[in-house]
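*Asks:* Protein chains in written order, with my numbering: chain X, 1 to 129; chain D, 1 to 129.
Protein chains: 2
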Amino acid sequence: MAGRGELTRAAVERFIDSLERRDWESWEGLLDPDVVYELPQSRERIRGRERYLQFNQEFPGDWHLELKVAIADERNGVAWFWWRVGAEEPGDAMAFFRFGDDGLITAVTDFWPEPYEPPSGREHLVERW
Amino acid sequence: MAGRGELTRAAVERFIDSLERRDWESWEGLLDPDVVYELPQSRERIRGRERYLQFNQEFPGDWHLELKVAIADERNGVAWFWWRVGAEEPGDAMAFFRFGDDGLITAVTDFWPEPYEPPSGREHLVERW
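1. Using a cut-off of 8 angstroms between C-beta atoms, extract the partners of I16/D located in chain X.
2. Rounded to whole angstroms, what's the CA-CA distance from A107/D to E88/X? Just pull it up for me.
3. Report the residues of the segment 82-108 of chain X with a CB closer than 8 angstroms to any CB of chain D, ordered along the chain.
4. Let me confirm a value: Y52/D is counted as buried when at least 16 other C-beta atoms fall within 10 Å, else exposed. Which label applies?
5. List, in order along the chain, the chain X residues whose C-beta lies closer than 7 angstroms to that of N76/D?
6. Cα separation between F99/D and G121/D?
7. Hey, is V126/D's beta-carbon within less than 7 angstroms of any beta-carbon in chain X?
8. Count the CB pairs spanning the segment 62-80 of chain X and the segment 70-80 of chain D that are closer than 8 angstroms, and state whether there are at least three.
9. Any residues in the segment 40-54 of chain X with a beta carbon nearer than 7 angstroms to a beta carbon of chain D? Which ones, in chain order?
10. At a CB distance below 8 angstroms, what residues from the segment 111-124 of chain X approach chain D? Give them in sequence order.
11. Ends of the beta strand (DSSP E) at G3/X?
12. Name the residue from R4/D, T8/D, G3/D whose alpha carbon lies nearest to the alpha carbon of E105/D.
13. Between the C-alpha atoms of E117/D and E58/X, what's the straight-line distance to the nearest angstrom?
14. Would you please state the rounded distance, in angstroms, between the beta carbons of P113/D and F111/X? I believe it to be under 8 angstroms.
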């Protein structure tokens, strides 16, 4: 029998994969009806599975997601993934998950870090790529 | 006996905690001598424990870290933490870890997402905080 951590890890994988495939039924099936989605960078919050579904269905552009790393335990999970729009350069993003007792996702918090120029003063330690 | 995932999770916790305490000996003890540290946002890379230690010791400002969530399995781990400089507003950051066979950290990749204004067109779904 699969341990609970393996089940939540599989849910993290399916979350990204079903979004990429626009398989809304599969994606929705992972979520608690009262899931709370937060974007701390813009201080935005969406309450409930239906609105969160609509948010993703309405999200503009030819967006694509590809999972890089999934880690999960009984209560928490994370997806580190690449995202890109059309033929643009891919960027890193990460989504953190909370799981309820029934294994459904009760909270999602994601982050979309932007490129920046390195501060000066550490050139003696660092290489660039 | 603790499972390997519990040991790596404890290492993730100690990573943040020892940095916060400037306990360099404890922090250094978590790292493989050939650890590779990467900052994808600035495309910077530091090779080796000694340089990485120096980078942290030389990092300017009265910086503080507080762990929010640690998740780890046999090979991968993540720390989602708050950081702040002096009395500034705290920000979210996250560090991903790879573990070698001996449990030492062989790779660290961290992200420092900045605040941004939400794009228009989703006000009907979103609340702000």
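C-beta: ideal position from N, C-alpha, C; glycine also.
*Replies:* A quick look at the data gives this:
1. The residue given as residue 16/D occupies position 16 in the second sequence. What I16/D touches in chain X: nothing, since even the nearest Cβ is about 15 angstroms away.
2. Walking along the second sequence from the start, residue 107/D turns up at place 107. Walking along the first sequence from the start, residue 88/X turns up at place 88. Their backbone Cα atoms lie some 27 angstroms apart in a straight line.
3. D92, M94, F96
4. Here residue 52/D is taken as the residue at index 52 of the second sequence, counted from 1. Buried is the call here.
5. Looking up residue 76/D in the second sequence gives position 76. The contacting residues are V69, I71.
6. Residue 99/D sits at position 99 when you count from the first residue of the second sequence. Residue 121/D sits at position 121 when you count from the first residue of the second sequence. Going from the Cα of F99/D to the Cα of G121/D covers about 42 angstroms.
7. Within the second sequence, residue 126/D is the residue found at index 126, counting from 1. Chain X, which has a Cβ nearer than 7 angstroms to the Cβ of V126/D, makes this yes.
8. yes
9. P40, Q41, S42, R43, E44, R45, I46, R51, Q54
10. F111, W112, P113, E114, P115, Y116, E117, P118, G121, R122
11. Counting from 1 along the first sequence, the entry for residue 3/X is found at position 3. Taken as a continuous stretch (DSSP letters only), G3/X belongs to no beta strand (DSSP E), as it is neither H nor E.
12. The residue given as residue 105/D occupies position 105 in the second sequence. In the sequence as presented, Glu is not what sits at residue 105/D; that position holds Ile. Of the candidates R4/D, T8/D, G3/D, the one whose C-alpha sits nearest the C-alpha of I105/D is T8/D.
13. In the second sequence, counting from the first residue as 1, residue 117/D sits at position 117. In the first sequence, counting from the first residue as 1, residue 58/X sits at position 58. If I take the Cα positions, the gap works out to 19 angstroms.
14. Looking up residue 113/D in the second sequence gives position 113. Looking up residue 111/X in the first sequence gives position 111. At roughly 4 angstroms, the Cβ-Cβ gap stays under 8 angstroms, so P113/D and F111/X are in contact.
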